[in-house]
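With our numbering applied, the first sequence closes on residue 771, and no number is skipped along the way. Every residue gets a Cβ at the ideal spot worked out from N, C-alpha and C, and that includes glycine.
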Amino acid sequence: MVCKLSTRLMNICVSSLCKLQQLEKAESIIIDAIRLGTLPDVVTYNTLVAAYCRFVDLDSGYLILNRMKEAKITPNVITYNSLLAGASKELSLSKCLKLLNEMDKIGISPDVWSYNTLMHCFFRLGKPEEAQKIFQDNIFNKLSPSSTTFNTIFTGLCKNGYTHNALTLFRSLQRNGIFTPELITYNILIDGLCKSGQLRAARSILKELGQSGLEPNASTYTTVMKYCFRSKKFEEGIEVFHEMKKNGYTYDAFPYCTVSSAFAKTGKLKDAYKFFELMTKKGIEKDIVSYNILVNMYCIEGRLDKVDDLLLEIEESGLKCDQYTHTTLVDGLCRIGNIDGALEHLKYMDTLGFDSNLVAYNCMVDRLCKVGCSNTALEIYEKMEEKDSITYTSIVHNLCKERNFLTASKVLLACLNRGMRVLRGTQRVVVKGLQSSGLYSEARKVQAKIRLARIID
DNA sequence: ATAGGGTTAG
């Protein structure tokens with residue numbers, strides 16, 4: 315009895331330390347406990363596996379699993395779900411499948427939790443059909459969906475451009491009484507609708523949240539605030555900020571970053587700095603996202619020397635520059651006219667092994683066109699493996715501006731052929747431009763393609 | 001043990 319109690323106490327200590335990311339301390343508690351005759355159990359090891367997967371990586375989680383086996387403690391489904399979360403965090407489908415395989419071999423059946431995690435991984439990899447298959451085959455047919463299942467689906471649909479489907483599903487589940495929305499559900503939908511520009515629908519979901527009796531939290535406020543800034547309602551956005559502050563929700567960098575970046579984007583640098591300062595004064599540590607916003611502010615002002623200092627500061631504080639930092643830098647170099655420097659930095663980015671440098675390439679292409687180097691822009695465009703509608707819009711728009719309608723129409727056709735779209739206004743400019751240059755057959759070709767594309771949509 | 005808010009480009 316005494317021994318059991320102390321194992322439980324040890325587990326509480328270990329869990330608390332893990333939550334604070336003090337993994338080494340947690341381990342030393344365990345070592346001390348063992349010395350005093352208290353043995354770790356499955357809960358102790360599961361806590362460690364979860365913490366290592368979450369805060370370090372999957373490999374370190376596996377090391378704990380091995381220690382667990384050496385200690386003759388049998389892992390259970392919770393152990394494997396934590397490992398699955400680790401694999402999913404690394405977006406490694408093969409590692410997820412390997413874990414499921416291992417589970418099968420030792421006779422542990424995956425539960426809803428396992429499949430929710432797997433579904434989330436598929437969604438994050440941009441494979442909504444596969445995620446849906448997991449739902450259909452494994453959750454719906456064999457088990458029973460949990461509220462997290464639905465919330466994961468809503469998030470996944472929104473993030474993959476199916477906000478409309480998310481909303482339809484939400485309504486249908488609600489109507490049939492299958493699912494009672496939670497605060498997190500409202501947060502997901504409001505954010506998704508805002509991001510896809512469906513501000514009216516977002517407002518109506520927000521209204522429903524107000525009537526639901528649920529209390530909005532920091533996520534809700536940040537989302538709504540961003541929505542205000544997106545629709546250029548700056549005063550309303552700031553009001554939301556003050557309400558957040560009043561209610562004690564300005565405890566982390568999120569709200570400050572939201573305000574600062576919104577101001578920076580619209581050229582209100584003074585206000586942007588003001589809110590950033592407020593965060594620093596409150597003693598909130600800067601993370602990489604906060605630094606990225608600051609880097610962007612300096613770039614907008616062309617203070618690249620200041621950016622150098624910041625990059626140093628980032629490294630010194632043990633943080634790592636990410637895709638955003640480098641992309642912002644590429645754009646910043648372009649802004650001050652250092653195209654060669656930007657090109658060089660872009661090349662450097664390619665060596666860093668990010669999963670995509672599309673945004674940086676898009677910046678580069680657009681800026682090159684704008685400074686009259688559309689030939690270089692086109693060369694890069696040809697070489698780009700990944701392109702999106704922004705790539706095409708940028709090129710087409712800029713080529714039209716320099717009245718190179720023929721090339722613009724070729725790029726537009728390539729875009730439509732690949733199932734992507736540019737802004738309607740940009741399409742019109744191409745057709746009109748071709749016509750005014752006497753290129754009637756080309757104009758007809760483009761028009762026909764545009765019409766066809768519209769039908770397909 | 002899984003799900004939600006902040007940063008880059010047209």
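- Contiguous alpha helix (DSSP H) elements confined to the stretch 534 to 565 occur at 548 to 560, taking only those with 4 or more residues.
- L507 places its beta carbon 8 Å or farther from that of T534.
- In this structure, K600 sits away from Y612, with a CB-CB distance that is not shorter than 8 Å.
- Taken through DSSP and simplified to helix, strand or coil, K701 comes out as coil.
- Rounded to the nearest angstrom, the gap between the Cα atoms of Y638 and Y662 is 14 Å.
- Between T537 and N501, the gap from beta carbon to beta carbon is short of 8 Å.
- The stretch 481 to 490 makes no contact with the stretch 445 to 452, as fewer than three CB pairs between them are under 8 Å.
- When C-alpha distances from K715 are compared across T705, S688, E700, the shortest belongs to S688.
- Remark: three or more beta-carbon pairs, one from each stretch, lie closer than 8 Å, so the stretch 356 to 366 and the stretch 328 to 346 are flagged as touching.
- Assignment of N531 by DSSP, reduced to helix, strand and coil, places it in the coil class.
- For the 8 Å CB-CB criterion, T705 and N676 form a contact.
- In the displayed model, A515 falls within a helix according to three-state DSSP.
- Per the C-alpha coordinates, the member of A691, Y394, E699, E550 positioned closest to S708 is A691.
- With 16 or more other CB atoms across the displayed protein chains lying within 10 angstroms of its CB, F468 is buried.
- In the three-state DSSP reduction, L748 falls in the helix class (H, G or I).
- For Y587, the enclosing alpha helix (DSSP H) starts and ends at 583 to 595.
- Across the set V370, V760, L350, the C-alpha of V370 shows the shortest separation from the C-alpha of Q335.
- The straight-line gap separating the alpha-carbon atoms of I694 and V679 is approximately 7 Å.
- Of the residues assessed, H659 falls on the buried side of the cut-off, its CB having 16 or more other CB atoms within 10 angstroms.
- Here DSSP, grouped into helix, strand and coil, assigns M734 to coil.
- Pairing V743 with V725, the inter-Cα distance amounts to about 13 Å.
- In this structure, I378 keeps its C-beta atom at 8 Å or more from the C-beta atom of L398.
- Here I614 really is in contact with A578; their C-beta atoms are around 6 Å apart, less than 8 Å.
- For S342, the enclosing alpha helix (DSSP H) has its first and last residue at 337 to 349.
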